[in-house]
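A.B. asks: Quick note, the sequence shown lines up with residues 19 to 191 if you use this note's numbering.
Built from N, CA and C at the ideal position, the CB exists for glycine as well.
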Amino acid sequence: MIFVALLHAVNLGARRKVPMADLRALLTGLGLAEVRTYIQSGNAVFSADPETDLRGRLEAALEARFGFPVPVTLRTAPEWREAARGCPAHLRDEPVVLAFLRDPPDPARVAALRGRNVAPERWEIVDQTLYQTVPDGVRSMKLSSGVIERTLGVGVTVRNERTAQAIAAMLDT
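Rendered as structure tokens:
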């Protein structure tokens, strides 16, 4: 089965460095096959036998190798393709980012997030992906990954639409 692994908050500053060559070597050493990475933001595609706690095994190996905890969000290839093409039509008139949720959010917490005023941004959750418009650019986002995490109570990592599409293309090669 083919998986996409998204590492949270790596390679954003001087700390929390995870070189992609080292990530590929680590994943290959764990017995994962056809390991490929995309840009320096912690995106990996690989094939593996499905297992109960693949995410936990990856997180433990990453922490052991790099010396800090690295949350991981996993999607199967079909889940990724669906997320990459699943942006609701009413959000398509502006640039969009995708916030990948590690776990399904509690409906009460989603309601709490809906109560926040983040205009002019708009957003919608489909399955475990939050699609968000960024009319003023990602540096000015009111609905940041930190706000999403705290309000929904689940881990999140954000990728731009170009990255989502590029990874989808990787799945087809």
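My parser needs the beta strand (DSSP E) runs of 3 or more residues fully inside the segment 88–117; what are they?
C.D. replies: Segments of the beta strand (DSSP E) lying fully in the segment 88–117: 90–94.
A.B. asks: Do residue 130 and residue 169 have their C-beta atoms within less than 7 Å of each other?
C.D. replies: yes
A.B. asks: Out of 148, 153, 81, which has the shortest C-alpha to C-alpha gap to residue 123?
C.D. replies: 148
A.B. asks: Applying the criterion that 16 or more other CB atoms from any shown protein chain within 10 Å of the CB defines a buried residue, is residue 37 buried or exposed?
C.D. replies: exposed
A.B. asks: Could you say which of 39, 113, 145 lies nearest to residue 152 if we only look at CA atoms?
C.D. replies: 113
A.B. asks: Rank 52, 47, 91 by C-alpha distance to the C-alpha of residue 28 and give the top, closest one.
C.D. replies: 91
A.B. asks: Does the Cβ-Cβ distance between residue 174 and residue 117 come in under 7 Å?
C.D. replies: Closer than 7 Å, so yes.
A.B. asks: What is the rounded straight-line gap between the Cα of residue 45 and the Cα of residue 157?
C.D. replies: 31 Å
A.B. asks: Compute the distance between the beta-carbons of residue 172 and residue 163, then report whether it is under 7 Å.
C.D. replies: no
A.B. asks: Under the three-state reduction of DSSP, which class applies to residue 182: helix, strand or coil?
C.D. replies: Helix, per DSSP.
A.B. asks: Report back the beta-carbon spacing between residue 66 and residue 51 to the nearest angstrom; my notes put them in contact at under 8 Å.
C.D. replies: The pair is a contact, with the Cβ atoms about 7 Å apart (cut-off 8 Å).
A.B. asks: Among the candidates 119, 69, 70, whose CA atom is the shortest distance from the CA of residue 144?
C.D. replies: 119
A.B. asks: Could you give the uninterrupted runs of the alpha helix (DSSP H) lying entirely in the segment 116–168, keeping only those of 4 residues or more?
C.D. replies: 125–132
A.B. asks: How big is the Cα-Cα spacing for residue 81 and residue 87?
C.D. replies: 5 Å
A.B. asks: Run through DSSP, which three-state label would residue 46 get?
C.D. replies: Looking at residue 46 - three-state DSSP - the assignment turns out to be helix.
A.B. asks: Let's test the definition: count the other Cβ atoms within 10 Å of the Cβ of residue 61 and tell me whether it reaches 16, buried, or not, exposed.
C.D. replies: buried
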